[in-house]
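Residue numbers (the working numbering): 1322 to 1485.
Where a beta carbon is used, it is the ideal one built from N, C-alpha and C, also for glycine.
Quantities reported herein were computed from a predicted structural model and do not represent experimental measurements.
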(Lines of atoms letter the chains of each structure in order from A and count residues from 1; the text may use other names and numbers.)
(Lines give C-alpha, C1' and ligand atoms only; values in the text may rest on other atoms or scores of the structure.)
Protein backbone atom coordinates (compact mmCIF):
# COMPACT_ATOMS: atom_id res chain seq x y z
CA UNK A 1 0.00 0.00 0.00
CA UNK A 2 2.85 2.36 0.80
CA UNK A 3 4.43 1.71 -2.59
CA UNK A 4 1.07 2.31 -4.32
CA UNK A 5 0.80 5.78 -2.70
CA UNK A 6 4.36 6.59 -3.75
CA UNK A 7 3.63 5.58 -7.33
CA UNK A 8 0.58 7.87 -7.47
CA UNK A 9 2.48 10.79 -5.88
CA UNK A 10 5.34 10.59 -8.39
CA UNK A 11 4.95 12.70 -11.46
CA UNK A 12 6.87 12.07 -14.64
CA UNK A 13 10.00 14.21 -15.04
CA UNK A 14 9.42 17.17 -17.34
CA UNK A 15 10.88 16.96 -20.83
CA UNK A 16 13.61 19.57 -20.28
CA UNK A 17 14.83 19.82 -23.90
CA UNK A 18 11.26 20.32 -25.15
CA UNK A 19 10.55 22.90 -22.44
CA UNK A 20 13.78 24.76 -23.27
CA UNK A 21 12.95 24.76 -26.99
CA UNK A 22 9.47 26.14 -26.27
CA UNK A 23 10.92 28.93 -24.08
CA UNK A 24 13.48 29.84 -26.74
CA UNK A 25 10.77 29.96 -29.41
CA UNK A 26 8.65 32.20 -27.18
CA UNK A 27 11.62 34.50 -26.52
CA UNK A 28 12.33 34.75 -30.26
CA UNK A 29 8.69 35.62 -30.95
CA UNK A 30 8.69 38.32 -28.25
CA UNK A 31 11.91 39.78 -29.69
CA UNK A 32 10.49 39.88 -33.23
CA UNK A 33 7.28 41.53 -32.06
CA UNK A 34 9.05 44.07 -29.87
CA UNK A 35 10.14 46.18 -32.84
CA UNK A 36 13.76 46.80 -31.91
CA UNK A 37 13.79 49.95 -34.07
CA UNK A 38 17.02 49.32 -35.88
CA UNK A 39 15.54 48.04 -39.13
CA UNK A 40 16.19 49.27 -42.60
CA UNK A 41 13.99 51.69 -44.47
CA UNK A 42 11.07 50.41 -46.48
CA UNK A 43 10.91 51.47 -50.09
CA UNK A 44 7.15 51.93 -50.08
CA UNK A 45 4.78 53.74 -47.78
CA UNK A 46 2.70 51.34 -45.72
CA UNK A 47 0.96 51.17 -42.38
CA UNK A 48 3.62 50.96 -39.71
CA UNK A 49 4.05 48.85 -36.66
CA UNK A 50 3.48 50.78 -33.50
CA UNK A 51 6.07 50.89 -30.74
CA UNK A 52 4.42 47.89 -29.16
CA UNK A 53 5.03 45.84 -32.28
CA UNK A 54 1.40 45.43 -33.26
CA UNK A 55 -0.04 46.66 -36.52
CA UNK A 56 -1.05 50.28 -36.42
CA UNK A 57 -2.95 52.56 -38.77
CA UNK A 58 -1.84 55.51 -36.61
CA UNK A 59 0.92 56.56 -38.99
CA UNK A 60 2.55 55.61 -42.26
CA UNK A 61 6.19 54.73 -42.74
CA UNK A 62 8.00 56.59 -45.51
CA UNK A 63 11.43 55.89 -46.98
CA UNK A 64 14.27 58.40 -47.16
CA UNK A 65 13.65 58.90 -50.89
CA UNK A 66 9.97 59.55 -50.25
CA UNK A 67 10.84 62.14 -47.61
CA UNK A 68 13.36 63.78 -49.96
CA UNK A 69 10.63 64.07 -52.61
CA UNK A 70 8.17 65.46 -50.05
CA UNK A 71 10.73 68.06 -48.94
CA UNK A 72 10.90 69.46 -52.49
CA UNK A 73 7.35 70.82 -52.04
CA UNK A 74 7.14 70.84 -48.26
CA UNK A 75 3.55 71.02 -47.01
CA UNK A 76 4.02 69.42 -43.60
CA UNK A 77 5.59 69.92 -40.19
CA UNK A 78 8.89 68.04 -39.85
CA UNK A 79 9.69 67.00 -36.26
CA UNK A 80 12.90 65.53 -34.84
CA UNK A 81 12.07 63.47 -31.74
CA UNK A 82 15.57 62.17 -31.00
CA UNK A 83 17.19 62.91 -27.65
CA UNK A 84 19.86 63.88 -27.10
CA UNK A 85 20.51 65.98 -30.18
CA UNK A 86 22.46 63.93 -32.73
CA UNK A 87 21.79 65.86 -35.93
CA UNK A 88 18.87 66.94 -38.05
CA UNK A 89 17.41 66.88 -41.50
CA UNK A 90 17.33 70.23 -43.26
CA UNK A 91 13.94 71.98 -43.01
CA UNK A 92 13.21 70.47 -39.58
CA UNK A 93 10.56 72.63 -37.90
CA UNK A 94 10.42 71.31 -34.35
CA UNK A 95 12.50 69.36 -31.86
CA UNK A 96 10.14 67.56 -29.49
CA UNK A 97 11.63 64.84 -27.28
CA UNK A 98 9.87 61.51 -27.85
CA UNK A 99 9.59 60.89 -24.11
CA UNK A 100 7.53 64.07 -23.67
CA UNK A 101 5.44 63.73 -26.84
CA UNK A 102 2.10 63.50 -25.02
CA UNK A 103 2.93 66.53 -22.86
CA UNK A 104 4.03 68.60 -25.87
CA UNK A 105 0.96 68.04 -28.02
CA UNK A 106 0.15 71.75 -27.63
CA UNK A 107 3.18 72.52 -29.82
CA UNK A 108 1.70 70.59 -32.74
CA UNK A 109 -0.61 72.25 -35.27
CA UNK A 110 -4.10 72.90 -33.92
CA UNK A 111 -5.54 71.13 -36.98
CA UNK A 112 -5.40 67.44 -36.10
CA UNK A 113 -5.52 66.57 -39.81
CA UNK A 114 -2.33 68.56 -40.50
CA UNK A 115 0.42 66.52 -42.18
CA UNK A 116 3.23 65.76 -39.72
CA UNK A 117 6.43 63.82 -40.43
CA UNK A 118 8.47 62.56 -37.48
CA UNK A 119 11.95 61.12 -37.29
CA UNK A 120 14.76 60.19 -34.91
CA UNK A 121 18.01 58.29 -35.34
CA UNK A 122 16.68 54.75 -35.83
CA UNK A 123 12.89 55.33 -35.80
CA UNK A 124 12.29 53.81 -32.36
CA UNK A 125 11.74 57.17 -30.64
CA UNK A 126 9.72 58.64 -33.51
CA UNK A 127 7.34 55.66 -33.45
CA UNK A 128 6.72 56.25 -29.75
CA UNK A 129 5.98 59.94 -30.42
CA UNK A 130 3.76 59.13 -33.42
CA UNK A 131 1.76 56.70 -31.30
CA UNK A 132 1.29 59.37 -28.60
CA UNK A 133 0.16 61.96 -31.13
CA UNK A 134 -2.18 59.52 -32.83
CA UNK A 135 -3.70 58.81 -29.41
CA UNK A 136 -4.18 62.58 -29.07
CA UNK A 137 -6.24 62.55 -32.28
CA UNK A 138 -3.70 63.41 -35.02
CA UNK A 139 -4.62 61.56 -38.20
CA UNK A 140 -2.05 62.49 -40.85
CA UNK A 141 1.21 61.20 -39.35
CA UNK A 142 4.26 59.89 -41.19
CA UNK A 143 7.38 58.24 -39.76
CA UNK A 144 10.79 58.15 -41.46
CA UNK A 145 11.45 54.40 -41.54
CA UNK A 146 14.96 53.68 -40.33
CA UNK A 147 15.32 57.26 -39.06
CA UNK A 148 18.13 59.56 -39.98
CA UNK A 149 20.54 56.61 -40.01
CA UNK A 150 18.64 55.36 -43.08
CA UNK A 151 18.51 58.94 -44.40
CA UNK A 152 22.30 59.18 -44.29
CA UNK A 153 22.76 55.64 -45.64
CA UNK A 154 20.66 56.67 -48.65
CA UNK A 155 23.13 59.48 -49.32
CA UNK A 156 21.21 62.44 -47.92
CA UNK A 157 22.95 64.98 -45.67
CA UNK A 158 22.42 65.22 -41.95
CA UNK A 159 23.04 68.65 -40.48
CA UNK A 160 25.01 69.06 -37.26
CA UNK A 161 24.15 72.40 -35.70
CA UNK A 162 25.90 73.68 -32.58
CA UNK A 163 23.72 73.28 -29.50
CA UNK A 164 23.47 76.04 -26.89
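Take the alpha-carbon of residue 1461 and the one of residue 1475: they are about 25 Å apart. Under the 10 Å beta carbon count, residue 1393 is surrounded by fewer than 16 other beta carbons and is classified as exposed. By the C-beta criterion, the stretch 1417-1427 is judged to be in contact with the stretch 1445-1457, since at least 3 inter-stretch pairs fall below 8 Å.
By the beta-carbon neighbour count (other beta carbons within 10 angstroms, threshold 16), residue 1385 is buried.
A straight line joining the alpha-carbon of residue 1433 with that of residue 1396 spans about 15 Å. For the 8 Å CB-CB criterion, residue 1411 and residue 1480 form a contact. When rounded, the separation of the alpha-carbon atoms in residue 1399 and residue 1383 is 13 Å.
Here the alpha carbons of residue 1438 and residue 1445 stand approximately 14 Å from one another.
Secondary structure of residue 1381 (DSSP, three-state): strand. When the five nearest sequence neighbours on each side are left out, the beta carbons in the same chain lying within less than 7 Å of the beta carbon of residue 1379 are those of 1371, 1451, 1452, 1455 and 1462, in order along the chain. In the DSSP assignment, residue 1410 falls outside any beta strand (DSSP E) and carries neither an H nor an E.
Taking 8 Å as the cut-off, the Cβ atoms of residue 1465 and residue 1443 do not count as close. Looking at the DSSP output, residue 1388 sits in no beta bridge, so it has no partner there. Among the bridge pairs identified by DSSP, residue 1400 is matched with 1415 and 1439. Rounded to the nearest angstrom, the gap between the Cα atoms of residue 1401 and residue 1469 is 9 Å.
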